[in-house]
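What follows is one structure encoded as structure tokens, with my remarks underneath.
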Amino acid sequence: MLTVENLHKSYQVGKTSYEVLKGVSLTVGKGEFVAVMGPSGSGKTTLLNCISCYIPADSGSIRLGDTELARLNEDALAEVRNKKLGFVFQDFLLLDGLTVRQNILLPAIIGGTITDLVETRADQLCDVFGISGIRDKYPAGISGGEKQRTAVARALINHPLLILADEPTGNLDSKSTRAVIRSFEQAQNALEATIFMVTHDSYAASFCDRVVILRDGVVWKTLKKGPTNRETFQDQLLDAIREMGRE
Amino acid sequence: MRHFSEVYALMRRKNKKQYGLLAGCCFFSVLLITAYVCMMRAPTILNVLPEGGDSRKQVMMIFALAVLGCGVFTIYASGLFLRQKSRETGIFLALGASRAQVRTELYRELGVISLGACAAGAVLGGPLAWILWQIFRLCVVDTEEMRLVFDPAAYLWSLAFSVFVIVMMFFLGSRSIKRTNIIDIVQESHTSEPVREVPRWYGPVGIVLLAAGALLGYLVPSFFVLVLHWYAPEILTAVFYLPALVGLYMILLHTVVNGWNGKKKLYKDLIATSQMRFQGRQTVRNMLVMTLLIAGAYFGSFYTPMLGTGAMIGYDRRPVDYAYNFRADQDIPLEDEVRALAEEYGVTITDFSAAPMIRLAVDGYNMIEEEGPLGATWREEYEEVMSTERFLSASGYKALTGESVDLKPGEIRGIIDTESSRLGFSPNASVLTNYITKDQLRAAPLDPLRYDSLFGRYVMNDSDFDALCAGLPDTWKETQVCFNVENCADTYEFAKALFNEIVDRSTIDVAQFDGWDPVIRDRRIAENGFYFLDREQLAASGLTLIDYDQRDSSAFRLNWQYMPEFRILDKMDFVKTAAVFLILFVFIAVVCFSAVFVIAYTRCMTIALTNARVYEDLRRLGASNAYLRRSVRGQVKRVFLVPALVGTGLIYAFYVMIMYFNGNPRGITVSEAAGLLVALLVILGVSVLMYAVYYMTLSHVCKQLAIGRPKPKH
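Residue numbers (the working numbering), protein chains in the order written: chain F, 29 to 275; chain X, 668 to 1381.
Written out as structure tokens, the structure reads:
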């Protein structure tokens, strides 16, 4: 589904160049729920932004399905973002002037693919994520958790190959965090969505099938959940983080 | 909702305040520029402002300031709109909209706003100018000359400004879409515009540059003309004002970033100072524009009091109530007729005197201009027969003034005004020629006499007068009349009747422009084949014809060579005579001050919009309403106060400098000092108005931020 190979990215600040990604390689399989963790400055968000095609990588390869993203022109990239990727942001990035339902439909409207069927799907997504009761409300009138579930529904409206989530629980309380993570699980189980999530939160990451830990721009360790339960996996994650801190 | 344009329509409804602000700014800018240009290009105004004259240049200069101000203002408003719009643009792009798709919709929005607002501003600008003008006519003064006629070509200027606004908005819109990094766009509304570190020497150095620029800009052109004999192109002389502009920017930057209090009040004003500092460039640019507009507005405002006060003091200083001169071939009332007319109006003439006067050619320096690649240069060439001056005999002077002048043969004395403030006469003639008989007299000019009512004449020995008068036809002879009346202030009707009688009985031969000179005329015709002050050349020279039927117009009263000087008539009709000038400059001041108020108000409201989150955080940290209000006041006060103080101080100092340098000898005369005092009163009045606008703005900003009034302590 998603293959990242030997990805390099550096930022220029004044005359100094900072290499943030130093040859990152990873894969995400279809239907997988993968998290990327790591300390601040490890390159998680930069990795996500490169995969989202928001910023160009310096070198390396990002393949989504059969498509090499680096080779696409701007219009084709926009098409990829609209049709093959779904986005969930830490700040939700909902439009205040649109209702919950209209926000969910936005990618389909942008892509010009809106039909009665799509509208029905939006209603179904509202049902799946428990936001049917607020679908005609505006973002200003709903909670953070509801906003993020709206964002998840919006990310799924165009049947994307991959959902990219940047700290989706970063601005939420524990109750809302649980609701959003549950919505990711529902998307994975009921809608066969593939999810790639950047997070600081070991609790949120413990729901994933696999967690990639970045340190100083390289993959430091990958942990698989396997048959273990969530709590044990969270302990393993915390141990790994502690171990990283000791090195 | 199935189309992208419908999403934009919903966003428009949601963000109608932002749309309203942008549309309002564009509308207001075009409205003001159109109103100004309609007025500036109106034949009514152009007829009064001589082409190439200082007044027209001043009007044009303030217009340039207004265009600059409104231009920067609309750029700022567009930038703010696009910055606020960038969040939704970023979201659209992040969700897969192509740039072309977003650009199409944004262009449609900008097109509707800019075309609608500019069209409305352009259409209503003319009527606004007309209404303001009619209000002035109704409330202040109304003359036939003030009938306002618009030139449709003025709308071309308005169109040009509208095109600038529209093109600028599309350019900024296109630039905001072109940004390649979506992350930057998404986060743009959270980024501030930091001002780079500003060294503390910016303040004092700014003041030095400002003073140096003002001095250089004012004095260097005179240096070019007087010392280098070079009329440098205006664009070059304007460059010398640049240090003043740089200095002004440095002063404002220092004020916003560092402040003038050092660290004394750092913690008291912490929030206000920090907020102002990080709102950065736009604040300083806005302040610069406001400062320039305030300076321009005051420049216009001072015109009326300076002109009026100077004129009134000048009228009062005249030693006689009534003075007039006429050519000897004219049938103009003399003592018997004047006394009869006075009796008719119940006026008592206390003394009446008349004396013969002759026009003689005098020597002088002819200024010869030569066009060069870098502008015209000039050189002087001495001419024994250069121009003419009017001469009285010593006994004639005594008859008119009661003062004896002891002059030996060959001695002459020019007559200047008591303040030496009137220009155009330097009493240094040394060769006097009877232009008809060519008889000459080598004269020794002595110290000038001072007598305001006979300004510009010479006095000579009686025998010299008789000798040079011989052979002169009546067209070269004149009579000078002076008389006083009882209760001069009550003799307006008599003055008006006598003025009308003089005009009615003057022939077309003496309907001459003030500077018309028979000797210069002969030379110009010999050189060029025409004389620009001849009646038939006046229109081509951009000057108004002397028309006896327009005897109450400013063109006639200011420019007729034989215009009588009747104290009460000049005083009472001053406002009428100078009406177009006065009202034009008042209009300019109104336009510029309106622009300042709108810019300041908009800037302060954007402070409320952009800082809403900061104030919310402060409230959560326990800040009281009183604290929040003080913090808001700190910012609003700076937006209003700094440009007001700097702009006012700047223009007042500039005016003092002009007054100081424009006389000979240098210094400030009594009438100039009185004018400056009246200008101070104008400043006081405008400051009260400005305070009212400041207070209203502060209330609106507090309301926007939901900051209540602190309760009074009991």
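We treat Cβ as the ideally placed atom computed from N, Cα and C, and that holds for glycine.
Coil, strand or helix - residue i by DSSP
i         : result
X:THR1277 : helix
F:LEU49   : strand
X:TRP897  : strand
X:HIS670  : coil
X:GLY1375 : coil
X:VAL1263 : helix
X:SER859  : Caution applies to X:SER859, whose pLDDT of 49 falls short of 50 and renders its modelled position unreliable; the model cannot decide the point.
X:VAL1152 : strand
X:ARG770  : helix
F:LEU184  : helix
F:ASN110  : helix
F:ILE170  : coil
X:GLN1228 : coil
X:ASN682  : coil
F:SER160  : helix
Residue nearest to residue i in terms of C-alpha spacing, selected from the options
i         : options                                   : result
X:PHE1233 : X:ALA676, X:ALA784, X:ASN1151, X:ALA827   : X:ASN1151
X:ALA1043 : X:MET1053, X:THR741, X:LYS684, X:ALA899   : X:ALA899
X:TYR1102 : X:GLU1086, X:PRO794, X:ASP1030            : X:ASP1030
X:MET1053 : X:GLY738, X:PHE838, X:ASN1095             : X:ASN1095
X:ILE1255 : X:LEU699, X:SER781, X:LYS683              : X:LEU699
X:LEU688  : X:THR1273, X:VAL816, X:GLN1179            : X:THR1273
F:GLY125  : F:THR148, F:GLY169, F:THR143, F:VAL156    : F:GLY169
X:TYR822  : X:MET706, X:LEU716, X:ARG867, X:LEU1285   : X:MET706
F:VAL64   : F:GLU195, F:THR148, F:TYR82               : F:GLU195
X:GLN1204 : X:GLN1179, X:GLU1002, X:ASP1219           : X:GLN1179
X:ILE1175 : X:GLN997, X:ARG770, X:SER1338, X:VAL956   : X:GLN997
F:ASN257  : F:ASN131, F:VAL48, F:PHE235, F:GLN130     : F:PHE235
X:GLY1182 : X:ALA1156, X:LEU1225, X:GLU1145           : X:LEU1225
F:VAL226  : F:LYS72, F:VAL48, F:LYS111                : F:LYS72
F:ASP94   : F:LEU133, F:VAL32, F:ARG210, F:GLY59      : F:VAL32
X:VAL906  : X:ALA881, X:PHE1092, X:ARG1286            : X:ALA881
X:GLU1048 : X:LEU920, X:PRO1076, X:GLU1037, X:THR1315 : X:GLU1037
F:CYS78   : F:ASP237, F:GLY59, F:LEU113               : F:LEU113
Partner residues on chain X for residue i, Cβ-Cβ distance less than 8 angstroms
i        : result
F:VAL111 : As written in the sequence, residue 111 of chain F is Lys, which differs from the Val given in the question. Per Cβ cutoff of 8 angstroms: GLY763.
F:TYR82  : ALA761, ASN848, ILE849, ILE850
F:ALA233 : None at all; the shortest Cβ gap to chain X is about 23 angstroms.
F:GLN130 : MET668, VAL674, LEU677
F:PHE115 : ALA761, LEU762
F:LEU35  : By Cβ distance, chain X contributes nothing, its closest Cβ being about 17 angstroms from F:LEU35, past 8 angstroms.
F:LEU54  : Per Cβ cutoff of 8 angstroms: no residues; F:LEU54 is ~21 angstroms from chain X at best.
Residues that DSSP places opposite residue i in a beta bridge
i         : result
F:SER202  : Looking at the DSSP assignment, F:SER202 forms no beta bridge with any residue, so it has no partner.
X:GLY687  : Its beta-bridge partners do not exist; DSSP assigns none.
F:TYR231  : F:TYR231 pairs with nothing; no bridge assigned.
X:TYR1125 : X:PHE1058, X:GLY1081
F:VAL64   : F:VAL226, F:VAL240
X:MET1024 : X:LEU1059, X:GLU1145
Contact set between residue i and chain F, taken where Cβ atoms lie within less than 7 angstroms
i        : result
X:GLU755 : LEU123
X:ILE758 : LEU121, LEU123
Per-residue contacts from residue i into chain F (C-beta, under 8 angstroms)
i        : result
X:ASN682 : GLY125
Under 9 angstroms from the C-beta of residue i: neighbouring residues of chain F
i        : result
X:HIS670 : ILE137, GLY140, ILE142
Cross-chain neighbours of residue i in chain X, by beta carbon under 9 angstroms
i        : result
F:ASP103 : SER765, ARG766, ALA767
F:GLU107 : GLY763, SER765
F:LEU190 : Simply none; closest approach about 13 angstroms.
Contact list for residue i against chain X, beta-carbon separation under 7 angstroms
i        : result
F:ASN77  : ILE850
F:LEU200 : Result: empty, since nearest Cβ-Cβ is about 19 angstroms, beyond 7 angstroms.
Residue i beta carbon near the ligand ADP (any heavy atom closer than 8 angstroms)
i         : result
X:ASP1181 : The model depicted lacks the ligand ADP and carries no ligand whatsoever.
Checklist entry - Any contact of the region 172-187 of chain F with the region 121-133 of chain F, i.e. 3+ C-beta pairs under 8 angstroms? => result yes
Checklist entry - Counting Cβ pairs, one atom from each stretch, are 3 or more of them under 8 angstroms apart for the region 683-702 of chain X and the region 789-798 of chain X? => result yes
Checklist entry - Using 8 angstroms as the Cβ pair cut-off and three pairs as the minimum, do the region 971-990 of chain X and the region 1129-1142 of chain X touch? => result no
Checklist entry - Counting pairs of beta carbons, one from the region 1352-1362 of chain X and one from the region 1277-1292 of chain X, are three or more of them closer than 8 angstroms? => result no
Item to check | Sufficient close CB pairs (3 or more, under 8 angstroms) joining the region 245-252 of chain F to the region 45-65 of chain F | outcome: yes
Checklist entry - Should the region 1162-1171 of chain X be regarded as contacting the region 1230-1246 of chain X, the criterion being three or more beta carbon pairs within less than 8 angstroms? => result With a cut-off of 8 angstroms on Cβ pairs, the region 1162-1171 of chain X is in contact with the region 1230-1246 of chain X, counting three or more such pairs.
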